[in-house]
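For the sequence shown, the UniProt record's numbering assigns the number 1 to the initial residue and increments by one for each residue that follows. All C-beta atoms in this analysis are idealised placements derived from N, C-alpha and C, irrespective of residue type, glycine included. Only one structure is covered here, and it is reproduced in the block below.
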Amino acid sequence: MKKALITGVTGQDGSYLAELLLAKGYEVHGIKRRASLFNTERIDHIYQDPHAANQNFFLHYGDLTDTSNLTRILQQVQPDEVYNLGAMSHVAVSFESPEYTADVDAVGTLRLLEAIRFLGLEKKTRFYQASTSELYGMVQEIPQRETTPFYPRSPYAVAKLYAYWITVNYREAYGMYCCNGILFNHESPRRGETFVTRKITRALANIAQGLEQQLYLGNLDALRDWGHARDYVQMQWLMLQQDAPEDYVIATGRQYSVRQFVEIAARELGIELAWQGSGVNERGLVAAVRGDKAPGVAVGQPVVAVDPQYFRPTEVETLLGDPGKAREKLGWEPTTSFETMVQEMVAHDLDTARRHKLLKSHGYDVAISLE
Ligand code: NDP
Ligand code: GDR
């Protein structure tokens, strides 16, 4: 039975990857941070009682800022594969906490690699680094592929640039099996609520049910190559199963704007938007409302507005990946279309909004936190 260790197991990708590896018969170990509240919602369905027999999913308290803790967990687990998904992963927040972001995302990666080497596991343990399309930042080539030069545009991306190169360096210097997956944006109903896609589907579902009034967004014209997280974790595993370690771009090769995402998600709820104004005065007004999914909105209601507080000091305007290498060498194709992914996210958030509305109608106070 192979053993895998996942940092960031409580995150979106960590939860899908843990499911995938368990289904493949792995013994899976995950590192979770101590928090004052439970932070395991995404993995509660695969949680196993530590007192039960035949346990194959284990959680360890830990943190990427804590070298001795990482070394101890690695020594205890002796994993065949390490997936370093843990990160302060929010680009906008990295401008608020740049030093912490560097500590976790850059030095945290070094800590793990160095612990593997220190423990003499460098010939046994294969290492996956969660690299990112944010490395391309101010894009130097369209579409972006493995050979496209990097130009990071945020403290997050600069930290991930260090992590990318230290992974390459440990591969070259010590012959370790280390791979960078340069993943473009990937989403799902488990996406964190403050990333733009989930913010949109969640807020529109709440608005449709009359639980919220307006959705405030930043740059509506940003272009992204959005895929489904479930498809992308397959690639994380596949990269570690090859004869030789290499870096791969994972993307769909299709691009949409934030504005288009809003329109498609709104349409899924029976809301047809008409745009008015420009820049910070831009508003998405409801031109038509069809069906019973949006009883909470009226014709002419401004549903979306631009709020400059969500603009970034330096923005990544456009990202479009070329997944040709992954397709040719690993036979990988994304299976979920953009439209199906939006539908899945909207359906999930509409279901939650309907339940919240029902609770409210029975006198229970439901707090809906907004970004
Ligand atoms: P999430 O933000 O959903 O998950 C991040 C995970 O990292 C969480 O489990 C979080 O724990 C954990 N974490 C945060 N800080 C620390 C720390 N100091 N020590 C240990 N663990 C920590 O991210 P995703 O699942 O979306 O992304 C996974 C990885 O892939 C990240 O590294 C991200 O930067 C990268 N990436 C993501 C892309 C995407 O589109 N989703 C695209 C390209 C790269 P907690 O739950 O306690 O907060
Ligand atoms: P990103 O994702 O920065 O690409 O990083 P995010 O969803 O945060 O932003 C995408 C684009 O939407 C614009 N935008 C807004 N973004 C947020 N969060 N909130 C808003 O209100 C808003 N309005 C417009 C942004 O400016 C941006 O252009 C994600 C993360 O998962 C990273 O960890 C990962 O490395 C990259 O994807 C690939």
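Measure the alpha-carbon distance for residue i versus residue j and round it to whole angstroms.
i	j	result
G324	Q236	16 angstroms
E81	G120	14 angstroms
Y244	K2	Here residue 244 is Ala; the residue named in the question, Tyr, does not match the sequence. Cα-Cα distance, rounded: 19 angstroms.
L22	A274	46 angstroms
G14	L240	16 angstroms
C179	N281	45 angstroms
E333	R72	38 angstroms
N84	A130	6 angstroms
Y170	Q242	18 angstroms
K160	F184	13 angstroms
P98	E134	15 angstroms
T132	F150	11 angstroms
R126	Q209	47 angstroms
P295	G8	38 angstroms
A18	Q301	43 angstroms
E344	S188	8 angstroms
Q276	D307	15 angstroms
A326	I31	28 angstroms
A41	L64	According to the sequence displayed, residue 41 carries Glu and not Ala. Between E41 and L64, the C-alpha separation is close to 20 angstroms.
R145	L59	35 angstroms
D351	F261	19 angstroms
L319	A298	35 angstroms
P143	T335	20 angstroms
T252	Y232	10 angstroms
H51	I43	18 angstroms
F95	A229	25 angstroms
H362	R355	11 angstroms
L238	G62	26 angstroms
Q12	R33	15 angstroms
Y16	A102	26 angstroms
residue 419	G25	Because the chain is modelled from 1 through 371, residue 419 falls outside the range shown and cannot be assessed.
D221	L70	41 angstroms
Can you tell me whether DSSP reads residue i as helix, strand or coil?
i	result
L113	helix
L101	Correcting the residue identity first, residue 101 is Thr in this sequence and not Leu. Helix.
H51	coil
A298	coil
S15	helix
T65	coil
L370	coil
T107	What sits at residue 107 in the sequence shown is Val, not Thr. The answer is helix: DSSP assigns V107 an H, G or I state.
Q75	helix
T318	strand
Q144	strand
residue 375	This structure gives no information on residue 375, because the portion of the chain shown stretches from 1 to 371.
R267	helix
S257	strand
L240	coil
A222	coil
G279	helix
R126	strand
In its own chain, which residues sit with a C-beta less than 8 angstroms from the C-beta of residue i, not counting the 5 before and 5 after it?
i	result
H45	none
E272	A266, V286, A287, A288, V289, R290
E212	A203, N206, I368, L370
Q234	L20, W332
L330	M235, L238, M239, Q242, Y248
Counting only the same chain and skipping the five closest in sequence on each side, list residues whose C-beta sits under 6 angstroms from that of residue i.
i	result
N39	T10
E27	M1, K3, N56
T67	R111
P137	Pro is not the amino acid found at residue 137; the sequence shown has Gly there. Contacts found: Y151, P152, R153, A157, V316.
V346	T201, A265, E268
M176	E122, Y170
R283	Q276, G277, P302, A305
L5	H29, V77, P79, V82
L359	V366
Output needed for residue i: all residues of its chain with C-beta closer than 7 angstroms, excluding positions within five of it in sequence on either side, in chain order.
i	result
R202	E193, D349
N219	V258, F311, E315
D105	A87, M88, Y156, A159, K160, A163
residue 414	No answer is possible for residue 414: it lies beyond the span of the chain, which begins at 1 and ends at 371.
R254	D225, F338
T109	N84, Q129, A163, I166, T167
residue 373	Since the displayed the chain opens at 1 and closes at 371, residue 373 lies outside it and no answer follows.
Beta carbon shell of the ligand GDR at less than 5 angstroms from a heavy atom
A Cβ closer than 5 angstroms to some heavy atom of the ligand GDR marks a residue here, and those residues are S89, V91, T132, S133, E134, N185, F195, V196, L217, G218, N219, A222, V258, Y310.
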